[in-house]
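Residue numbers for the sequence shown follow UniProt numbering, beginning at 1 and rising by one. For every residue, glycine included, the Cβ atom is placed at its ideal position computed from N, Cα and C.
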Amino acid sequence: MQAKTTKKNVTVIDVAKAAGVSKSTVSLVLQGSDKVNPATRDKVQAAMAELGYVYNREAASLRGKRSNLVAIVINDLTNPYSAQLAVGLEANIRRMGLFSMVVNSGEDKDTQGQLVQSLKEYNVAAFVICPAPGTDADWVNQLAATVPVIHIMREITGAKVPTVLPDNQAGTLASTRHLLSQGYTRIGFFGGNQRISDYGERLAGFKAALAEAGLEPAGVWETALTNRHGGRLAMAELLASSTRPEALVCFTDIVAYGAIEQLRQQGLMPGKDMAIVGFDDLEDSKLMTPALSSIAIDADALGATVCQVLEDIRSGQQMQGLQRLPVQLKARGSSLRAC
């Protein structure tokens, strides 16, 4: 394949030449035609990626202009907090006089890349992305060179884009201190995995609070799946081990829900046999019996902050850096000794 072209605008002809096929073949690939065999299609798509070619569906007269569409790429829309966050973002974006399109990467970076590539064809005004695990900083920076990008909830090391996060470390610092104040000393960290930045931050807050008290973690249990089922599986593993903590700081409420279900299946009571604190403060958390203690994140405030960053970018400011939003402990029956 030829080296990347130095032309400002890569054309179908450039792609055809690089892939060693005809212009009509490239056009068929762009149209998604099944008349092109898979090997040729892969070769054409590789050439487009190498050259940075973007198929623009808009009329030629509109080429190069930004639309009023903001693309929101969410990591997992099956997670209730992610859905809540998407709703908050959409409402705030609409108040700006813009429209949004929400898509789901399913925690898969390849799916994320395909979605972004397709959305670029519509000359979106900006991308708001909760990065999937394994997202590459170079990929992000190349995207940001052509269209504004804002990251939410997770940070990608080396990505030169504005990022809006909850104060993850402060959250687990508060939840662990709370458990310590209730007299618990054997406290574990439960859920999440090392591939995502918020895991490291939340684990750090947990360890910092224990270090203040001169204690070590009673255990750290990761979950390959950061969902309800992942919580159930990890709790089954925990209960089968020789070391059982008195209390758990959970990565998210959803993971905590799975852990609680598994506890109950074994005849154990959350809040009595094991104290539990979540993170996200979902609506269902306060309705449980006992109600789940959690770290609350204001999804609407996060959406408003993202839109302020977007407004600043649209006004010509070069925005980078990190903004952390405050969080708040909601102490309830699942972690209070009196319950």
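Exercise. Using the rule of at least 16 other Cβ atoms within 10 Å of the residue's Cβ for burial, across every protein chain shown, is E201 buried or exposed?
Worked result: buried
Exercise. Quick one: is P290 near chain C, going by C-beta distance under 8 angstroms?
Worked result: Included in the structure is just one protein chain, with no chain C present.
Exercise. By the 10 Å Cβ neighbour count, where 16 or more other Cβ atoms means buried, how is M1 classified, buried or exposed?
Worked result: Residue placement at M1 is flagged as unreliable, the pLDDT there being 45, under the threshold of 50; a coordinate-derived value is accordingly withheld.
For this session: Would you kindly work out how many angstroms separate the C-alpha atoms of G191 and M269, rounded to a whole number?
Result: Computed Cα separation, rounded: 19 angstroms.
For this session: Helix, strand or coil for K330, going by three-state DSSP, please let me know.
Result: strand
Problem set entry | Cβ-based burial, P131 [other Cβ within 10 Å; buried from 16] | buried
Problem set entry | Residue interval of the beta strand (DSSP E) (run including P166) | 163-166
For this session: May I ask you to report which of helix, strand or coil DSSP gives V147?
Result: coil
Problem set entry | Beta-carbon separation (whole angstroms), V102 vs E90, contact threshold 8 angstroms | 7 angstroms
Problem set entry | Candidates N75, L329, T40: closest to N227 by CA position | N75
Exercise. Helix, strand or coil for D274 per DSSP?
Worked result: Just to set this straight, residue 274 is Met in the shown sequence, not Asp. Note: M274 maps to strand in three-state DSSP.
Problem set entry | Exposure label - S175; buried when at least 16 CB within 10 Å | buried
Problem set entry | Buried versus exposed call for K4 [16 or more other C-beta atoms within 10 Å across all chains shown] | The predicted position of K4 is uncertain, since its pLDDT is 44 and thus under 50; a value taken from the coordinates is nonetheless stated next. So K4 ends up on the exposed side.
Problem set entry | G275 and L179 closer than 8 angstroms at C-beta | The sequence shown places Ala at residue 275, rather than the Gly named in the question. In this structure, L179 lies closer than 8 angstroms to A275 by Cβ.
Problem set entry | Nearest-angstrom beta carbon gap, S334 and A301 [assumed within contact, 8 angstroms] | Their Cβ separation, rounded to whole angstroms, is 25 angstroms, which puts A301 and S334 out of contact at 8 angstroms.
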